[in-house]
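Residue numbers (this note's numbering), protein chains in the order written: chain A, 1 to 292; chain B, 1 to 292. Cβ atoms here follow ideal geometry from the backbone N, Cα and C, with glycine treated the same way. Have a look at the structure below, then the notes.
There are 2 protein chains.
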Amino acid sequence: MYNLEHLRMLVETVEAGSFSACARKMGKVQSAVSQGIASLEVDLDVELFSRTTRKPTLTVDGARVLQFARSILRQVEDLNAAAHAIHRGEEALVRIALDNSLALPRLTEICSGFSEKFPTTILELYSVATFDIGQLIKSGRADLGIAYIMNDFDKEIEQCFIGNLRFVSVCSANHPLAKMTQISMSDLIPYRQILSRGQDEAEVTTFLKFSTQAWYANDIHTVRSMVSKGQGWSYVPAYFADDWITAGDVVQMQMSFDHKPWNMGIDLLAPKGELKGPATRWVFDELKSLLG
Amino acid sequence: MYNLEHLRMLVETVEAGSFSACARKMGKVQSAVSQGIASLEVDLDVELFSRTTRKPTLTVDGARVLQFARSILRQVEDLNAAAHAIHRGEEALVRIALDNSLALPRLTEICSGFSEKFPTTILELYSVATFDIGQLIKSGRADLGIAYIMNDFDKEIEQCFIGNLRFVSVCSANHPLAKMTQISMSDLIPYRQILSRGQDEAEVTTFLKFSTQAWYANDIHTVRSMVSKGQGWSYVPAYFADDWITAGDVVQMQMSFDHKPWNMGIDLLAPKGELKGPATRWVFDELKSLLG
DNA sequence: AATAACTATCGATTATTGTGATATGTTGAG
DNA sequence: CTCAACATATCACAATAATCGATAGTTATT
């Protein structure tokens with residue numbers, strides 16, 4: 001039965017143009033390649049090259065086999081890379097849990113960098129509510145977390161402050177608040193506010209709650225649709241709001257001049273003790289610059 | 001360097017549970033497997049199995065390698081299947097050009113059947129206008145075609161009638177025609193009609209043209225948006241109209257009792273002479289039942 | 001016709017893989 | 001604990017497969 005070496009001969013011959021050239025490239029003698037290709041042809045029962053010309057030319061059938069050969073060899077390369085990665089102690093998997101309103105543009109840049117630096121390590125992103133992130137890390141289901149600062153985080157969790165996220169207030173264009181200017185805190189009270197919270201009903205953004213009546217959503221996209229339908233106003237991260245405003249879904253509310261924009265502190269979370277491996281450590285360091 | 005056989009040993013050992021069982025399954029002796037796995041471990045510099053127990057148990061690193069091994073072997077199986085397919089004379093590729101209003105549900109069934117019967121043959125569907133299909137087949141860029149009957153098809157093309165497609169007339173709910181009942185042919189004349197035609201400006205559905213004023217679209221989806229915006233009425237295949245009506249985009253026009261629904265004949269097209277191979281022949285036969 | 005560069009084939013050689021025997025380790029039942 | 005049943009590791013040797021080196025023949029170019 002044929003070998004990986006035979007498949008390499010096929011690919012190299014096509015790339016180098018002749019059996020001799022392939023042999024030179026692979027550090028073998030010409031007859032070895034000639035016989036190797038011949039035995040591959042016997043095994044597959046397919047004529048791979050036409051030998052009527054001086055240099056062998058790939059047949060249509062050969063081209064079809066070549067596709068598979070290339071693909072198999074690419075995977076063998078991946079396997080070798082993975083073996084080296086294992087040898088360097090790189091993890092098979094890094095799992096990051098992040099608040100679903102924190103999928104910042106910088107995060108995708110970090111992910112791109114990761115895939116170049118650790119091509120064989122799988123990256124898993126769990127988009128959940130801040131409150132659930134602590135549990136995921138404590139139970140070992142996530143290696144790192146990005147969440148709004150909470151004071152009641154467990155002692156088993158390492159917290160690392162990485163910056164503030166600016167929040168702005170938005171409502172739909174039809175909402176009564178949209179027509180008002182110089183809105184003060186007390187103006188907000190009569191109108192329903194949309195807040196997001198986790199599965200366990202603990203509100204993270206509690207201190208941002210002003211209105212007496214509130215509706216809750218479990219993720220930022222639901223908040224968007226609620227707000228755009230005029231079901232209430234909400235505080236959301238400025239970088240989300242900008243998109244929504246551009247798309248025409250919502251408008252930014254005009255707060256009074258003495259109103260300072262709210263900021264929420266963001267923590268990078270990890271289990272206490274050594275991080276899992278070099279890939280996790282790399283992501284940890286990169287995430288410190290998530291907010292700028 | 002390691003071999004496909006080594007990777008098979010890894011996979012079989014995991015599946016069978018022990019080196020001995022793997023050896024029995026692979027028709028080898030136990031020591032061959034023991035040595036094979038050992039040499040794979042040396043080549044990759046990864047400990048694949050833990051030997052502290054009676055039966056070797058896969059390590060975490062081993063599990064990571066196993067994924068790759070499985071994937072490589074699956075592709076080798078695909079290569080073997082492709083080699084057999086080549087040997088049976090099956091084509092690498094079957095290209096079907098069809099009028100973009102003829103993507104019938106039955107077509108996806110046929111495609112499913114195809115992928116089971118010819119797993120290594122690639123199926124390409126070109127969705128174009130009827131008028132362009134003849135050219136695609138004549139120039140060898142498509143192997144089969146499905147089109148509305150045209151009388152001026154070339155002599156180089158085999159035409160095979162496969163049935164009629166019922167057409168109904170639709171307009172938007174706000175259109176004046178929507179409020180009318182018992183619409184006769186002459187009632188249609190003052191209103192703009194939306195027709196579809198190919199790139200070369202030849203109208204296929206010419207004999208369905210009633211209104212003096214017409215707008216043209218090059219595919220059925222454009223027709224949909226034109227009609228739903230009230231820019232005109234149109235004749236479209238009933239199975240498309242049903243969806244649009246359900247979605248609320250358009251309404252069916254109420255024609256007078258003596259008005260027979262229009263039918264358009266559908267042809268299966270192929271180049272004259274032998275078809276390319278068994279896969280093309282199979283699709284050809286299946287497409288005969290496209291309309292029922 | 002001469003040349004350069006290529007491929008196919010074959011016997012000899014070398015490398016790899018498999019075999020069989022044996023020593024040793026693990027598991028679970030009595 | 002001891003034993004039977006079943007595993008694995010290792011080794012010398014046999015079998016198989018790959019490679020080498022040499023040679024003859026082919027294809028394009030000058």
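Residue 162 of chain B: contacting residues in chain A (beta-carbon distance under 8 Å)
Residues of chain A passing the Cβ test: none, with the nearest at roughly 31 Å.
Could one say the Cβ of residue 226 of chain A lies closer than 9 Å to chain B's Cβ atoms, at least one of them?
Interface criterion not met: the Cβ of residue 226 of chain A is under 9 Å from no Cβ in chain B.
Starting from the C-beta of residue 192 of chain B, find all residues in its chain whose C-beta is less than 8 Å away, skip the five residues before and the five after it, and write them out in chain order.
Counting only Cβ-Cβ distances below 8 Å, and skipping sequence neighbours, we find 211, 213, 214, 215, 231, 232, 233.
Restricting to runs no shorter than 3 residues, where is the beta strand (DSSP E) found entirely within the region 90-156 of chain A?
Correct list: 93-99, 122-128, 144-148.
Taking beta-carbon pairs under 9 Å, can you tell me which members of the region 40-66 of chain A lie near chain B?
Result list: 43, 44, 45, 46, 60, 61, 63, 64, 65.
Please classify residue 251 of chain A: does DSSP put it in a helix, a strand, or coil?
Three-state DSSP puts residue 251 of chain A in a strand.
Near-chain B residues of the region 72-98 of chain A (beta-carbon distance less than 7 Å), N- to C-terminal order
For the region 72-98 of chain A, the residues whose beta carbon sits under 7 Å from a beta carbon of chain B are, in order, 72, 75, 76, 78, 79, 82, 83, 86, 87, 92.
Going by the beta-carbon positions, is the gap between residue 147 of chain B and residue 98 of chain B smaller than 9 Å?
Yes.
Thinking C-beta only, is residue 13 of chain B closer than 9 Å to residue 33 of chain B?
Yes, these two residues count as a Cβ contact at 9 Å.
Starting from residue 4 of chain B, find everything on chain A with Cβ-Cβ shorter than 7 Å and list it in chain order.
The contacting residues are 3, 4.
Where residue 199 of chain A and residue 253 of chain A are concerned, what is the direct C-alpha to C-alpha distance, given to the nearest angstrom?
Confidence in residue 199 of chain A is poor, its pLDDT being 49 and thus under 50, which makes the residue's placement too unreliable to answer from.
Using a C-beta cutoff of 9 Å, does residue 68 of chain A count as contacting chain B?
For residue 68 of chain A, the closest Cβ of chain B is nearer than 9 Å.
Contacts around residue 81 of chain B, its chain only, beta-carbon distance under 7 Å, and the 5 residues preceding and following it disregarded
Contacts found: 119, 120.
Between the Cα of residue 155 of chain A and those of A:88, A:24, A:292, A:270, spot the shortest distance and give me the residue it belongs to.
Ranking A:88, A:24, A:292, A:270 by Cα distance to residue 155 of chain A puts A:270 first.
When you compare only the Cα positions, how much space is there between residue 92 of chain A and residue 91 of chain B?
Looking at the backbone, the Cα of residue 92 of chain A and that of residue 91 of chain B are separated by about 40 Å.
Taking all protein chains shown into account, decide if residue 305 of chain A is buried (16 or more other Cβ within 10 angstroms of its Cβ) or exposed.
Chain A is shown only over 1 to 292; residue 305 of chain A falls outside these bounds and no answer can be derived.
Residue 236 of chain B versus residue 110 of chain B - alpha carbon distance:
C-alpha separation (whole angstroms): 23 Å.
Kindly confirm or deny that the region 161-175 of chain A and the region 118-137 of chain A touch, where touching means at least three C-beta pairs closer than 8 Å.
With a cut-off of 8 Å, the region 118-137 of chain A and the region 161-175 of chain A do not count as touching, because too few Cβ pairs lie within range.
Would you decide whether residue 240 of chain A is buried or exposed? Buried here means 16 or more other CB atoms lie within 10 Å of its CB.
Of the residues assessed, residue 240 of chain A falls on the buried side of the cut-off, its CB having 16 or more other CB atoms within 10 angstroms.
How is residue 261 of chain A classed by DSSP in three states: helix, strand or coil?
Correct three-state label for residue 261 of chain A: coil.
So, under 8 Å CB-CB, residue 46 of chain A and residue 86 of chain B are touching, yes? Tell me the CB distance rounded to an integer number of Å.
The pair is a contact, with the Cβ atoms about 5 Å apart (cut-off 8 Å).
Residue 47 of chain A, DSSP secondary structure in three states:
The answer is coil: DSSP assigns residue 47 of chain A none of H, G, I, E or B.
Check each candidate in B:2, B:106, B:96, B:67 and name the one with the smallest Cα separation from residue 279 of chain B.
If we check each option's Cα against that of residue 279 of chain B, B:96 comes out closest.
Do residue 262 of chain B and residue 117 of chain B have their CB atoms nearer than 9 Å?
Not in contact: residue 262 of chain B and residue 117 of chain B (Cβ atoms no closer than 9 Å).
Return the residue from the list B:223, B:290, B:37 that minimises the CA-CA distance to residue 2 of chain B.
Answer by Cα proximity: B:37.
Give me the Cβ distance between residue 272 of chain B and residue 157 of chain B, rounded to the nearest whole Å; I'm assuming they're in contact under 8 Å.
Yes, residue 272 of chain B and residue 157 of chain B are in contact; Cβ-Cβ is about 7 Å, under 8 Å.
8 Å Cβ shell around residue 249 of chain A - same chain, five flanking residues per side excluded:
Excluding residues within five positions, the ones whose Cβ falls inside 8 Å are 172, 224, 227, 228.
Residue 239 of chain B in three-state terms, based on DSSP
Of the three classes helix, strand and coil, the one that applies to residue 239 of chain B here is helix, per DSSP.
Three-state secondary structure (DSSP) at residue 275 of chain A?
Three-state DSSP puts residue 275 of chain A in coil, outside helix and strand.
List the endpoints of the continuous beta strand (DSSP E) containing residue 195 of chain B.
Boundaries of the beta strand (DSSP E) around residue 195 of chain B: 193-196.
Alpha-carbon to alpha-carbon, residue 24 of chain A and residue 39 of chain A:
Spanning the alpha carbons of residue 39 of chain A and residue 24 of chain A requires a straight line of approximately 19 Å.
Residue 159 of chain A by DSSP, collapsed to three states: which one?
Annotated three-state conformation of residue 159 of chain A is strand, per DSSP.
Output needed for residue 127 of chain B: all residues of its chain with C-beta closer than 7 Å, excluding positions within five of it in sequence on either side, in chain order.
Excluding sequence neighbours, residue 127 of chain B sits near 98, 100, 103.
Backbone CA spacing between residue 94 of chain A and residue 143 of chain A [nearest angstrom]
Straight through space, the alpha carbons of residue 143 of chain A and residue 94 of chain A are spaced by roughly 6 Å.
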